[in-house]
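Asker:
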């Protein structure tokens, strides 16, 4: 996955805010990358543009060698459904559906184009430790369990890349650690590509590399850094 | 798959779909009942009152469908509004805009299917009840039987479904426009503007409504009563479409007022009203519909009857009226009464109908109305019809008199030749001898017996009433001779003017029962909608209430804030409803009496406005109490 000279301006006229100012970045297959930066540095916009949730004003975004620019809203949705997985900070699950129904939602919405891979579903349920909670509604699950359901859902279509937006932001330390270990394990065990937006240096220390954003620009890239180093560099850009 | 998703979401959100379901259930019951009666009406042999049933049922069914569409579209709009984040999540995860739109459509289908079985069952019971009611009211002969096929029931369900789909169309469209980024809590989402399509559509419908009102205003008034109901529907559709604008305007004006009157909670009320103007509009619309419908349904017949009895009083010159309950008096009664001692003039009338047709090509479609067939004798000596053109003495065999209204619609004047079709659809030629003004409660045409007698449809000529006037100074003798006639024919009724008026009043009450029935149904429907909307808009805010209480507001303060907001909603609704009803009634009054100031009974007006206001306030207050019963911390967790 790669971004090339991506620029995005929110609003117009006097109230215009440049959220991304010519960002170029590349995510190799099978790596775990964190995007960090102070509030308003464009982290969320980076994620939106990289995942096709939002369109950049300039520059190109490619996923698996495919340029997202010319795709329509429907095609983007199909692409998200089949090649991208999402995990958000909170409110990840449809309250009306059980854990299993939430996990299989992308496959069901794809209709006949994609077949539900039952063994894969069972494997995911085992892997995320949710096998005995599959019939529960989100309201009956803890925050950590809800996030693990969201991760399983993100993986059900065997996507090329998983985007996680502050996946541990609303969790306590123990649950957060479990979720991060799960993501790390995915990268190591099945070679999943994961991009995570976070402001937590501890969370970022689970990743292979860290992109630090400030004022819409990538200011630094750290590889295999410890939480301490990351916190230090973050302090450097004013976070 | 989408159907399953829709099914799950309906099942998991019972409260927010309950209103739609109840509205749909009522609609299916009523429309099925109408369908069954309609089918029976078509199958009925002539003379069993099939046509009467059809003419009663069709507008009734339409009104039911309209009100159902209103209730459902409101409920769905709210449910989509409340699920914005959920829909955004669906969009982010995997659903195309088309799929989201279809999901909403499937939800309407789920509601239809759930309501189908009990709805149809209730509909059949209701059809039996309605038949009994219509027979008991004497509107339909007892020979009328219910006979229907499965087609009428399935068509009724289908119609309900199609209506519901049309009603949720805009909700589905809005849902499909939710952007995936909205699922990400912190992302800033630009405030949505009121859709241009919606605004344009609303303005177009409004213009159509105003045009319709001017049409009523200049129409003669005979059809104005039916058109008035339709105009309420058109105008209320416009109100529904323009609801966000109404909410915006009224919210900022009344919000400011609240802030001035109540400094503490008023500020909150003001910000709530101005930011959630859409919710305000949506909540006020069903209540406005209740008010507008109730006012028009009650006042139109009242105004009509008032005008009828007024004209009746002015018309009546005869001192005695002879009638017979049931079929009527025999043909010979006019001569018998005319020959009685002391009687100066006796003229008989028989109700029929007539159409004025231009040329032979278009003989089927011409303006028409109720006609009175009169026996020989000077009509103007017993009835003063208010002749404005020509002369109304004794009509010759080739002469007719027309009401001003009919003459205008047929573009004829006194002295013109007209071609008229009578009961047997045969064309007859006649000369317009006179044009008269006092037609309400009488008829739009006067036909002489020699012209009309040969054209009756499959029935002998019987007389509805014989109007009698005594020779000067011989009133007492007339009474004696009529009394002796009555001894010979006990079934005859001899009425003086007071008794005649009392009789008319009794008939008026009987005809009002149908109005009350219709009004009852519509009120039940709109009340469901009012209650549902208020419950939904209040319950969705339990998280907000919890937050307010956690930051230090007392339960009482929150309750007071909600009371104020509900009061504003009620005020707007009463205002808008009264405006719509007022516009329609003014136009109707213009058509009926020539004056734009409708004559309204204060008591009825107070009942409508008070009833609607109390219903809405009571719902708002009790729902707030329920929402506040939760512990704030629990409510806050539940709201996330």
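Protein chains in written order, with my numbering: chain A, 70 to 308; chain B, 17 to 656. All C-beta atoms in this analysis are idealised placements derived from N, C-alpha and C, irrespective of residue type, glycine included.
1. At a CB-CB cut-off below 7 Å, which residues of chain B make contact with residue 142 of chain A?
2. Looking at the structure shown, is residue 152 of chain B part of a helix, part of a strand, or coil, going by DSSP?
3. How many angstroms separate the CA atom of residue 114 of chain B from the CA atom of residue 212 of chain B?
4. Note the first and the last residue of the continuous beta strand (DSSP E) segment covering residue 261 of chain A.
5. Is residue 122 of chain B buried or exposed, if buried means 16 or more other CB atoms sit within 10 Å of its CB?
6. Which residues does DSSP list as the beta-bridge partners of residue 508 of chain B?
7. When we look at the beta-carbon of residue 102 of chain A and count the other beta-carbons within 10 Å, is it buried (16 or more) or exposed?
8. For residue 514 of chain B and residue 608 of chain B, what's the separation of their Cα atoms in angstroms?
9. Extract the residue ranges of the alpha helix (DSSP H) inside the stretch 128-193 of chain B, only unbroken runs of 4 or more that lie entirely within it.
10. Between the stretch 99-132 of chain B and chain A, which residues of the former have a C-beta closer than 8 Å to a C-beta of the latter?
11. In three-state DSSP terms, what is residue 204 of chain B?
12. If you draw a straight line from the alpha carbon of residue 155 of chain A to that of residue 109 of chain A, how long is it in whole angstroms?
13. According to DSSP, simplified to helix, strand and coil, what is residue 278 of chain A?
14. Can you confirm whether the stretch 587-601 of chain B touches the stretch 271-286 of chain B when touching is taken to mean that 3 or more C-beta pairs between the two stretches lie within less than 8 Å?
15. How would you write the range of the alpha helix (DSSP H) that residue 620 of chain B sits in, first residue to last?
16. Look at the Cβ atom of residue 232 of chain B, then the Cβ atom of residue 243 of chain B, and state whether they are nearer than 7 Å.
17. I'd like to know whether the C-beta of residue 25 of chain B is nearer than 7 Å to at least one C-beta of chain A.
18. Answer with yes or no whether the minimum CB distance from residue 639 of chain B to chain A is below 7 Å.
19. With distances taken Cα to Cα, identify the nearest neighbour of residue 175 of chain B among B/583, B/45 and B/92.
20. Using the rule of at least 16 other Cβ atoms within 10 Å of the residue's Cβ for burial, across every protein chain shown, is residue 205 of chain B buried or exposed?
21. Let me make sure I understand the geometry here. Which of B/304, B/555 and B/493 has the alpha-carbon closest to that of residue 586 of chain B?
22. Please check if any C-beta of chain A sits within less than 7 Å of the C-beta of residue 194 of chain B.
23. With a cut-off of 7 Å, does the C-beta of residue 96 of chain A fall near any C-beta of chain B?
24. Under three-state DSSP, which class holds residue 73 of chain A?
25. Is it buried or exposed, residue 112 of chain A, if we count other Cβ atoms within 10 angstroms and call 16 or more buried?
26. Taking the DSSP output, what are the residues bridged to residue 104 of chain A?
27. Between residue 90 of chain B and residue 298 of chain B, how many whole angstroms is the CB-CB distance? I'm expecting something under 8 Å.
28. What is the rounded straight-line gap between the Cα of residue 93 of chain B and the Cα of residue 199 of chain A?
29. Would you call the stretch 565-574 of chain B and the stretch 329-342 of chain B touching, i.e. three or more CB-CB distances under 8 Å?
30. At a CB distance below 9 Å, what residues from the stretch 24-45 of chain B approach chain A? Give them in sequence order.
31. Which residues, taken in chain order from the stretch 187-207 of chain A, show a beta carbon closer than 7 Å to some beta carbon of chain B?
32. Nearest-angstrom Cα distance between residue 616 of chain B and residue 308 of chain B?
33. Hey, is residue 233 of chain A's beta-carbon within less than 7 Å of any beta-carbon in chain B?
34. Considering only DSSP beta bridges, list what residue 155 of chain A is partnered with.
35. Does residue 110 of chain B come out as helix, strand or coil in the three-state DSSP assignment?
36. Helix, strand or coil: which one does DSSP assign to residue 60 of chain B?
Answerer: So, from the listed chains and residues:
1. In the first chain, counting from the first residue as 1, residue 142 of chain A sits at position 73. Here the neighbours are 113.
2. Counting from one through the second chain, the residue named residue 152 of chain B turns up at place 136. If DSSP states are grouped into helix, strand and coil, residue 152 of chain B belongs with the helices.
3. If you number the second chain from 1, residue 114 of chain B lands on position 98. If you number the second chain from 1, residue 212 of chain B lands on position 196. Their Cα atoms are separated by approximately 20 Å.
4. Working through the first chain from its first residue, we reach residue 261 of chain A at position 192. No beta strand (DSSP E) holds residue 261 of chain A; DSSP gives it neither H nor E.
5. Numbered from its first residue, the second chain carries residue 122 of chain B at position 106. Result: buried.
6. Translated into positions along the second chain, residue 508 of chain B becomes position 492. BP columns for residue 508 of chain B point to B/340.
7. Along the first chain, read from residue 1 onward, the residue named residue 102 of chain A stands at position 33. Buried, because 16 or more other Cβ atoms sit within 10 Å of the Cβ of residue 102 of chain A.
8. Your numbering for residue 514 of chain B matches position 498 in the second chain. Your numbering for residue 608 of chain B matches position 592 in the second chain. When rounded, the distance between both Cα atoms is 25 Å.
9. 166-193
10. 101, 102, 105, 106, 107, 108, 109, 110, 111, 112, 113, 114 and 115
11. Mapped onto the second chain, residue 204 of chain B falls at position 188. At residue 204 of chain B the pLDDT is 40, less than 50, meaning the model places this residue with poor confidence; the figure from the coordinates comes in the next sentence. Looking at residue 204 of chain B - three-state DSSP - the assignment turns out to be coil, as it is neither helix nor strand.
12. As a working note, residue 155 of chain A is residue 86 in the first chain. As a working note, residue 109 of chain A is residue 40 in the first chain. In a straight line, the C-alpha of residue 155 of chain A is about 21 Å away from that of residue 109 of chain A.
13. Position 209 of the first chain, counted from the first residue, corresponds to residue 278 of chain A. The answer is strand: DSSP assigns residue 278 of chain A an E or B state.
14. no
15. Position 604 of the second chain, counted from the start, is the residue given in the question as residue 620 of chain B. Unbroken alpha helix (DSSP H) run through residue 620 of chain B: 618-645.
16. Within the second chain, residue 232 of chain B is the residue found at index 216, counting from 1. Within the second chain, residue 243 of chain B is the residue found at index 227, counting from 1. In this structure, residue 243 of chain B lies closer than 7 Å to residue 232 of chain B by Cβ.
17. The count along the second chain starts at 1 and reaches residue 25 of chain B at position 9. It does; some Cβ of chain A falls within 7 Å.
18. Your numbering for residue 639 of chain B matches position 623 in the second chain. Output row for residue 639 of chain B: interface = no.
19. Position 159 of the second chain, counting from 1, holds the residue named residue 175 of chain B. Measuring from the Cα of residue 175 of chain B, the nearest candidate turns out to be B/45.
20. Residue numbering aside, residue 205 of chain B sits at position 189 when the second chain is read from its first letter. At residue 205 of chain B, the pLDDT of 43 sits below 50, so the modelled position is not reliable; the number obtained from the coordinates is stated separately. Residue 205 of chain B comes out exposed.
21. The count along the second chain starts at 1 and reaches residue 586 of chain B at position 570. Residue 586 of chain B has its Cα closest to that of B/304, out of B/304, B/555 and B/493.
22. Numbered from 1 along the second chain, position 178 holds the residue referred to as residue 194 of chain B. Closer than 7 Å: no.
23. As a first step, residue 96 of chain A must be located in the first chain, where it is residue number 27. Residue 96 of chain A does not count as touching chain B.
24. The residue you call residue 73 of chain A lines up with position 4 of the first chain. If DSSP states are grouped into helix, strand and coil, residue 73 of chain A belongs with the strands.
25. For this step, residue 112 of chain A is matched to residue 43 along the first chain. It counts as buried.
26. Within the first chain, the letter at position 35 stands for residue 104 of chain A. In DSSP, residue 104 of chain A forms a bridge with A/266 and A/280.
27. Locating residue 90 of chain B in the second chain gives position 74, where the first residue counts as 1. Locating residue 298 of chain B in the second chain gives position 282, where the first residue counts as 1. Between residue 298 of chain B and residue 90 of chain B the Cβ distance is about 6 Å, and since that is below 8 Å, they are a contact.
28. In the second chain, the residue the question calls residue 93 of chain B occupies position 77. In the first chain, the residue the question calls residue 199 of chain A occupies position 130. Their Cα atoms are separated by approximately 36 Å.
29. no
30. 24, 25, 26, 27, 28 and 29
31. none
32. Looking up residue 616 of chain B in the second chain gives position 600. Looking up residue 308 of chain B in the second chain gives position 292. Computed Cα separation, rounded: 14 Å.
33. The residue you call residue 233 of chain A lines up with position 164 of the first chain. Closer than 7 Å: no.
34. By 1-based counting over the first chain, the position of residue 155 of chain A is 86. According to DSSP, residue 155 of chain A bridges with A/232.
35. By 1-based counting over the second chain, the position of residue 110 of chain B is 94. Of the three classes helix, strand and coil, the one that applies to residue 110 of chain B here is coil, per DSSP.
36. Along the second chain, read from residue 1 onward, the residue named residue 60 of chain B stands at position 44. Residue 60 of chain B: coil per DSSP, three-state reduction.
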